[in-house]
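Residue numbers (our numbering), protein chains in the order written: chain A, 1 to 652; chain B, 1 to 139. Have a look at the structure below, then the notes.
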């Protein structure tokens with residue numbers, strides 16, 4: 001229930017912060033793209049979403065609509081941040097966010113850069129990790145500072161306000177509200193200037209004791225600054241609460257009617273309706289203990305406690321107060337306060353470093369004036385400062401490191417985005433090539449008897465069969481990748497014999513050998529060895545490695561060898577070929593999705609990336625051995641003998 | 001009426017060049033056109049295609065687009081820029097199928113565009129038409 005409430009809170013924030021949207025195509029993208037976008041919108045969180053969203057990308061690329069392209073990546077992030085909630089697959093969410101960050105900056109829509117943080121945060125909130133949320137805010141804040149971007153600073157402060165208000169830490173909330181208001185007042189950025197600040201004043205009102213003059217002043221300020229529709233709704237909700245507190249029935253009823261007549265009350269105040277119902281019951285003297293127990297948001301509880309007390313329900317008010325304290329304690333214990341404090345200090349870094357510079361200037365001046373005596377004092381001070389500065393430098397180093405990391409992540413996501421675009425464009429080519437052989441040779445076979453000699457006809461049939469297999473592998477790759485994305489990939493552990501797996505892999509790849517190339521099986525020992533693994537997956541990876549070697553080896557040999565001793569507690573499979581090889585600097589890149597060293601060799605560029613994903617799921621490791629330099633390439637695949645995830649293993 | 005591709009033609013005076021980096025595609029085109037008696041040559045990439053044209057000017061080129069090195073578009077551009085070779089009939093055979101690629105193909109000077117997978121009847125009637133056009137040009 002509480003999680004649910006938070007989602008509404010975020011939704012409210014989002015809707016409140018977007019400029020008023022109306023018209024048929026508020027995103028101002030191509031109409032056809034917009035139609036697809038709206039269809040995708042309706043499917044967020046559901047299985048059909050990806051397909052519709054993919055067609056959005058196609059449409060965007062076709063129409064060359066950059067914004068629609070960005071919206072495709074935003075859509076992916078939204079989908080992933082929903083679907084990954086049950087599985088806690090952070091990597092997927094982070095990756096999707098990196099993509100949005102990179103693409104939005106690259107194509108010039110920085111608002112989605114910041115929006116990606118909002119979506120990612122809501123994921124971390126839903127999976128109950130406030131610390132990770134704070135880190136995200138910090139990262140965003142750093143980016144904003146680095147780029148001197150008031151919008152980012154403003155959004156960062158807004159998030160902090162939401163976080164602290166939600167934790168009922170009103171002292172901290174107040175600090176960030178003031179900072180956000182100051183940014184808003186002093187900024188030159190017209191986007192920030194246009195942002196509604198009414199909500200901040202409403203939050204500010206909550207930071208003061210209920211019914212106090214300061215709280216009322218804040219609401220008056222909110223009324224003055226109300227701008228978008230949600231603002232007036234929110235203001236009316238506060239007015240209703242204040243009127244109830246004062247037992248001003250006409251004012252309370254008017255404001256209440258206004259709120260209840262709106263469909264959007266839940267977005268502004270998730271517990272609004274319940275609160276009104278209870279207040280009505282308090283005034284009619286029909287209120288019950290159960291009703292009060294059902295109200296969960298601390299903010300509304302605070303008001304209700306006061307209203308109950310003023311209307312003679314002292315016992316209920318007391319019980320509610322106790323419940324509030326319990327809920328708060330739970331919340332606080334779930335947050336590692338020490339870490340939060342540390343993060344805060346780092347957020348305030350810039351102020352600190354300015355202070356320190358001032359200090360050192362003062363110290364230098366005094367040294368000139370006071371001579372040797374002062375020098376001693378200076379030395380003392382310097383010694384003291386040394387530790388301070390060293391600390392600060394270290395922190396700065398960390399910060400610089402983080403910014404660099406962020407930049408690298410951006411670059412990586414850019415490359416990934418470009419690779420994905422290439423993939424969509426290439427896909428039709430990849431599918432059509434085997435299809436061409438299948439369709440073409442079938443037509444030749446369908447010609448009247450006598451058109452071709454029997455021997456040639458047999459050759460045609462073989463071409464058809466080979467290409468059909470190629471097409472099947474291609475489709476398998478795509479299906480595997482999408483299963484991996486949606487976490488439908490399951491590993492089933494069984495007893496597996498390693499040489500049997502090798503022979504099976506060899507027999508299903510031998511026919512791919514190019515003429516004159518030999519495939520050799522070279523086990524370290526002939527002894528059979530049985531271990532716990534998912535035989536199908538191990539075989540799949542071996543087949544993939546061998547198939548790759550076949551594609552890239554035009555002469556010489558492809559060797560599959562095994563070892564139980566190379567890495568203790570692991571079965572090591574090694575595939576060595578005498579083919580074109582891989583430059584060492586590409587050794588890791590080839591495991592990325594859609595990366596192909598040679599565009600003109602058949603394949604989707606998904607194979608190795610799938611291998612790595614599967615290996616990771618099994619606790620295994622697949623990599624290119626860069627120490628091997630004898631021509632060709634060597635890949636290693638190390639599978640644990642006692643996999644951690646094996647239920648049998650856990651029984652022991 | 002007998003379909004255009006099923007009639008008998010004497011193309012013995014003609015020469016056709018097929019260009020594709022995938023050998024199987026070349027084999028397929030060769031087999032599909034085997035009922036015609038023109039001289040048939042093959043090239044595995046753009047450079048080989050240009051060399052083959054320099055060696056002996058064909059009447060018709062069946063050209064793939066996506067090839068390593070000099071791609072199909074570039075081959076057409078170079079042939080059209082040379083007065084010696086600018087009148088060769090060129091049919092693109094490609095798995096690239098976006099409108100953009102088709103338009104670009106015609107822009108650089110292709111005479112026709114056939115999408116892969118190749119439908120045999122389409123290929124044959126297309127080849128017949130363009131060889132007849134080539135003959136008309138020769139006069």
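The beta-carbon is built from N, C-alpha and C at its ideal position, and this holds for glycine as well.
Check                                                                                                                                         : Outcome
Any chain A beta carbon closer than 8 angstroms to residue 158/B                                                                              : Nothing about residue 158/B can be read from this structure; chain B reaches only from 1 to 139.
Amino acids of chain B, ordered along the chain, whose beta-carbon sits closer than 9 angstroms to that of residue 49/A                       : Here the premise fails: no neighbours, minimum Cβ distance about 25 angstroms.
DSSP-derived helix/strand/coil call for residue 97/A                                                                                          : helix
Own chain partners of residue 182/A with C-beta closer than 8 angstroms, once the 5 adjacent residues on each side are dropped                : none
Neighbour list for residue 79/B in chain A, Cβ cutoff strictly below 8 angstroms                                                              : Those do not exist, as residue 79/B stays about 22 angstroms from chain A at its closest Cβ, beyond 8 angstroms.
Validate contact between the segment 482 to 494 of chain A and the segment 503 to 514 of chain A using beta carbons, cut 8 angstroms, 3 pairs : no
Closest residue to residue 723/A among 47/A, 46/A, 52/A (Cα-Cα distance)                                                                      : Only positions 1 to 652 of chain A appear in this structure, which leaves residue 723/A out of reach.
Between the CA atoms of residue 30/B and residue 54/B - distance to the nearest angstrom                                                      : 21 angstroms
Same chain, Cβ closer than 6 angstroms to residue 70/B, neighbours up to 5 away in sequence not counted                                       : 46, 47
Cβ-based burial, residue 526/A [other Cβ within 10 Å; buried from 16]                                                                         : exposed
Classification of residue 282/A by the beta-carbon crowding that lies within 10 angstroms, buried from 16 upward                              : buried
Integer-rounded CB distance, given that residue 24/B should sit under 8 angstroms from residue 63/B                                           : Actually they do not touch by this definition, with Cβ atoms about 17 angstroms apart.
Counted within 10 angstroms of its Cβ, other Cβ atoms place residue 642/A as buried (16 or more) or exposed                                   : exposed
Integer Cβ distance of residue 65/B from residue 73/B, believed to fall under 8 angstroms                                                     : 6 angstroms
Straight-line gap, residue 258/A to residue 399/A (C-alpha atoms, nearest Å)                                                                  : 49 angstroms
Residue burial classification, residue 14/B (beta-carbon count within 10 angstroms, cutoff 16)                                                : buried
Neighbour list for residue 436/A in chain B, Cβ cutoff strictly below 8 angstroms                                                             : 25, 28, 95, 116, 117, 118
Residue 22/B: contacting residues in chain E (beta-carbon distance under 8 angstroms)                                                         : Here the protein chains are A and B, and chain E is not one of them.
Cutoff 8 angstroms: residue 444/A Cβ touching any chain B Cβ                                                                                  : yes
Chain B contacts from the segment 503 to 523 of chain A (Cβ-Cβ distance under 9 angstroms)                                                    : none
Classification of residue 111/B by the beta-carbon crowding that lies within 10 angstroms, buried from 16 upward                              : buried
Cβ-based burial, residue 304/A [other Cβ within 10 Å; buried from 16]                                                                         : buried
Coil, strand or helix - residue 89/B by DSSP                                                                                                  : strand
Beta strand (DSSP E) segment containing residue 62/B, residue limits                                                                          : 60 to 63
Three-state class that DSSP yields for residue 430/A in the structure shown                                                                   : helix
Contact check, residue 70/A vs residue 109/A, beta carbons under 8 angstroms                                                                  : yes
Euclidean distance between Cα positions of residue 179/A and residue 215/A                                                                    : 18 angstroms
Residue 55/A: contacting residues in chain B (beta-carbon distance under 7 angstroms)                                                         : Per Cβ cutoff of 7 angstroms: no residues; residue 55/A is ~15 angstroms from chain B at best.
Residues near residue 204/A by beta carbon distance below 6 angstroms, same chain, minus five either side                                     : 177, 218
Residue 686/A, DSSP secondary structure in three states                                                                                       : What the structure shows of chain A is the stretch from 1 to 652, and residue 686/A is not part of that stretch, so it cannot be assessed.
7 angstroms Cβ cut-off: residues of chain B touching residue 429/A                                                                            : 66, 95, 96
Whole-Å CB distance - residue 552/A paired with residue 577/A, under 8 angstroms assumed                                                      : 7 angstroms
Spatial neighbours of residue 119/B in its chain, beta-carbon cut-off 6 angstroms, leaving aside the 5 residues before and after              : none
Nearest to residue 498/A (by Cα), restricted to the options 446/A, 443/A, 31/A, 574/A                                                         : 574/A
Within the segment 496 to 553 of chain A, ranges of the beta strand (DSSP E) (whole runs, at least 3 residues)                                : 517 to 523, 530 to 533
CB contact below 8 angstroms: residue 122/B versus chain A                                                                                    : no
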